[in-house]
Amino acid sequence: MNHEAARTRIESLRATILHHNRRYYQLDDPEIADADYDLLLRELTDLETEFPDLITPDSPTQRVGAPPLEKFGAVTHRTPMLSLANAFSDEELREFDRRCRRFLGSDDPIRYVAEPKLDGLAVNLLYESGRLTLGSTRGDGATGEDVTLNLRTIPAIPLFIPRSEDRSETPGNGMAAVPGRIEVRGEVCMEREAFRILNRRRTEQGEPPFANPRNAAAGSLRQLDSRITARRPLTLFCYAIGTAEGISFRTHGEILRTLAAWGFQVNPLIRPAADIETCVQYYHHIGQIRGALPYEIDGIVIKVDDLLLQERLGAVSRSPRWAVACKFASVQAQTVIRDIIIQVGRTGVLTPVAVMKPVRIGGVVVSRATLHNEDEIRKKDIRIGDTVMIRRAGDVIPEVVEVVQTARTGVEKPFIMPETCPEPGCGSRVVRMEGEVAYRCIGIACPAQIREHIAHFASRGALDIEGLGDKMVTQLVTAGLIHDPADLFFLTGEQLLGLERMAEKSASNLLAAIARAKNPPLDRLIFALGIRHVGEHTAKRLAQAHGTLDALMAATAEELQTVRDIGPEVAAAVAGFFREPANLQVIDKLRSAGVTFRMETTRSQPAPFTGKTFVFTGTLTRMGRSEAKALVESLGGEVGNSVTKTTDYVVAGKDAGSKIEKARQSGIAILDEEAFFTLTESNR
Ligand code: IVH
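Remember, our numbering sits 137 above the position in the sequence shown when you count from 1.
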């Protein structure tokens, strides 16, 4: 075939294939058999192989997927993928706005961009020199999975960022030049109708249906065989960028316009908002039309438009201060409580859980709801057999709102907290500690506690041991192979192979994953130990302040309290934990297994304000107090409330008060606002 004939045939094949895609995906009414469709695609692929210059990025061959992978690679995001703080009402939206203005030290209204909050899963697309080179899931925000092959099959994802001269239909439209490197972020979703069709087809073929469009989207994207993803009707809406090199923007709105001009799909309901009241109206409006949208959303997101302000506001923990998600009121449903069972947690707390007649609520089938504790059950007078209203807000665990009193028949049974631990193989005494609502099992050998403790140790935010989920941990504990987290590191292949349904390959994978966990970042190790009140954030603070586990273990409760964000209760819990002989034994065992107890990276240069304490007085004109505090902390310093022996600098703003006098008397350095900013700038 000559070049010209090939071109004609290729064009006609593409048109035919697009037609059949539409019949299959959008109309659910295929005209030809799958095998015939494959033949068309095959012919097109062959022709394109012969005439590679005729390949275009939008050719259906570019989107059919590739042979299956063994597993996904891990991707460390160049810029972390943050999550959003939540608001649930008009008032909480306004409170967010007030916080921003207080932080910035300004009364001017803030301009926002208001967007629907799409209910799918977040992905990151890396374009280098305009070509899509890497696509990944959000994962835990720091690292995700490499799903490039799968993302390439989604029609809404451009494989190239077009150069402006290639877009002849819009000459001189001022389209931004292609940057050297840019990460584009957005949400992969499945439209409701496509979801319905997919589920119908699955049921017909005897496959289990997906619970909701979000699960369907996630399940489809995380296929090792991208050819399966290619046949799933996924789409993508872009709403942010990560790392960007060779291009800069002034506003979030400008970013969205540029993405749209490049051919990315940007949600058509996104609006600029001149102030917070406009956002509140938007929240109501979107709430009203929500049910009529072709895709699912679970709220709105508002973002400060000005990128300089975004930068000043920064982030706390894992969420930016410049954006908030405002969720829609939860959805409720009615069902019946069939039983109330007890779950025993890591710290021995007994949590009553309602087992309910399964009910659909907000697109998800729910059959369990936590009842929190005995007081809560008494307060709501919840009994076994009751008809109840349950509620689910976003991805939050469902909860019982109230009992439908009129449905009572008199046979409902009140719940009684057991006196001994119901966990098989435990049976220890259950006590209610003074001042606590919780009942605890006091057995130190309680299998449930051991299981939960080890599962926590291996979980995502902790040592993140792949393949060691709840099921595996239960199996190992039940088989008597492990009794504490340290035992994991002494497991042998032989022991694992003795377990039910454990093949050579999975055993060696698990051992490798455990071995990889031997050099954890210190904060994750501290979090993994499961000390009461020590979450991920506190663990980070403790790690930064002490540098090694040994230093942390040696600290007294008083010393611990000097660490930022650590109060007396946490300090006592930490010190108490390291006095407990059983805990020390586990730590010794971890040490002998070769687990390292140090910071992963030590700062080569200490932060410039390390060990320095600042106290502010009066009003700053250039920024709010919180922003100034964040600035000091970002340079390693601390901010105190009052002038004490440990104060190094007092920063005096307008109308400074008595703190100045005190500083003068104690000979503490006093900085005016200018001097303070000069000091911070020279240290940045
Ligand atoms: S912006 C720093 N915009 O919500 C802000 N996120 O809780 C990063 N999401 O992981 C996200 N719609 O999966 C942003 N219009 C929107 C969104 C959106 C949905 C999801 C996204 C993200 C999560 C954050």
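In this text, a Cβ means the ideal position worked out from N, Cα and C, and glycines have one as well.
Report buried or exposed for residue i, applying the criterion of at least 16 other Cβ atoms within 10 angstroms of its Cβ.
{"i": "R458", "result": "buried"}
{"i": "I147", "result": "buried"}
{"i": "N778", "result": "exposed"}
{"i": "M526", "result": "exposed"}
{"i": "K655", "result": "exposed"}
{"i": "Q425", "result": "exposed"}
{"i": "V461", "result": "buried"}
{"i": "F813", "result": "buried"}
{"i": "H156", "result": "exposed"}
{"i": "A134", "result": "Lying outside 138 to 821, the shown extent of the chain, residue 134 is not represented and no answer is given."}
{"i": "M570", "result": "exposed"}
{"i": "I534", "result": "exposed"}
{"i": "H593", "result": "buried"}
{"i": "M609", "result": "buried"}
{"i": "K440", "result": "buried"}
{"i": "Q586", "result": "buried"}
{"i": "N510", "result": "buried"}
{"i": "E141", "result": "exposed"}
What I want to know is whether the C-beta of residue i ends up closer than 7 Å to one or more non-hydrogen atoms of the ligand IVH.
{"i": "Y376", "result": "yes"}
{"i": "R275", "result": "yes"}
{"i": "V438", "result": "yes"}
{"i": "A462", "result": "yes"}
{"i": "L393", "result": "no"}
{"i": "A259", "result": "yes"}
{"i": "P824", "result": "No answer is possible for residue 824: it lies beyond the span of the chain, which begins at 138 and ends at 821."}
{"i": "S357", "result": "no"}
{"i": "L221", "result": "yes"}
{"i": "E324", "result": "yes"}
{"i": "E382", "result": "no"}
{"i": "E252", "result": "yes"}
{"i": "L255", "result": "yes"}
Residue i and residue j look like a contact to me (Cβ under 8 Å); what is the Cβ gap, rounded to whole Å?
{"i": "A354", "j": "V325", "result": "5 Å"}
{"i": "D523", "j": "E549", "result": "5 Å"}
{"i": "I498", "j": "P489", "result": "Wrong, their Cβ atoms sit about 20 Å apart, outside the cutoff."}
{"i": "K791", "j": "T817", "result": "Contact doesn't hold; Cβ gap of about 18 Å is too wide."}
{"i": "F753", "j": "G774", "result": "Going by Cβ atoms, the distance from F753 to G774 rounds to 12 Å, so no, they are not a contact pair."}
{"i": "L444", "j": "T388", "result": "6 Å"}
{"i": "C463", "j": "L230", "result": "5 Å"}
{"i": "A708", "j": "L697", "result": "4 Å"}
{"i": "M690", "j": "F715", "result": "5 Å"}
{"i": "I434", "j": "L255", "result": "6 Å"}
{"i": "P875", "j": "G562", "result": "A query on residue 875 cannot be resolved here, the shown segment of the chain reaching from 138 to 821 and no further."}
Going by the beta-carbon positions, is the gap between residue i and residue j smaller than 8 Å?
{"i": "T274", "j": "V260", "result": "yes"}
{"i": "G855", "j": "V315", "result": "Outside the shown range of the chain, which is 138 to 821, sits residue 855, and nothing can be said about it."}
{"i": "G272", "j": "L288", "result": "yes"}
{"i": "S363", "j": "G257", "result": "no"}
{"i": "M327", "j": "P350", "result": "yes"}
{"i": "T290", "j": "T366", "result": "yes"}
{"i": "L636", "j": "G604", "result": "no"}
{"i": "I477", "j": "F552", "result": "yes"}
{"i": "V780", "j": "K796", "result": "yes"}
{"i": "I154", "j": "L181", "result": "yes"}
{"i": "A644", "j": "G630", "result": "yes"}
{"i": "G572", "j": "C558", "result": "no"}
{"i": "D227", "j": "V417", "result": "yes"}
{"i": "R529", "j": "V503", "result": "yes"}
{"i": "R577", "j": "V614", "result": "no"}
{"i": "A789", "j": "I805", "result": "no"}
{"i": "V250", "j": "A381", "result": "no"}
{"i": "I423", "j": "L396", "result": "no"}
{"i": "I519", "j": "V541", "result": "no"}
The ligand HEM and residue i: does the residue's C-beta get closer than 7 Å to at least one heavy atom of that ligand?
{"i": "E448", "result": "Absence of the ligand HEM from the depicted structure is noted, with the ligand IVH being the only ligands included."}
Looking at the C-beta of residue i, does it have a partner C-beta in chain B at a distance below 8 Å?
{"i": "P197", "result": "Absent here is chain B; the protein component of the structure consists of one chain."}
Start-end ranges of the beta strand (DSSP E) lying completely within the region 532–558, minimum 3 residues: 536–540
In chain order, what are the residue ranges of uninterrupted beta strand (DSSP E) at least 3 long that sit wholly in the region 413–477? 434–441 and 460–464
Alpha helix (DSSP H) segments (min. 4 residues) lying fully within the region 618–696: 630–634, 641–653, 659–665, 673–683 and 686–691
Would you mind listing the alpha helix (DSSP H) stretches within the region 325–402 that are 4+ residues and don't spill past its ends, in chain order? 329–341, 350–358, 363–367 and 389–398
Completely contained alpha helix (DSSP H) runs for the region 698–754, where each covers 4 or more residues: 705–714 and 718–729
Every unbroken beta strand (DSSP E) within the region 197–249, with a cutoff of 3 residues, ordered by chain: 211–213 and 222–224
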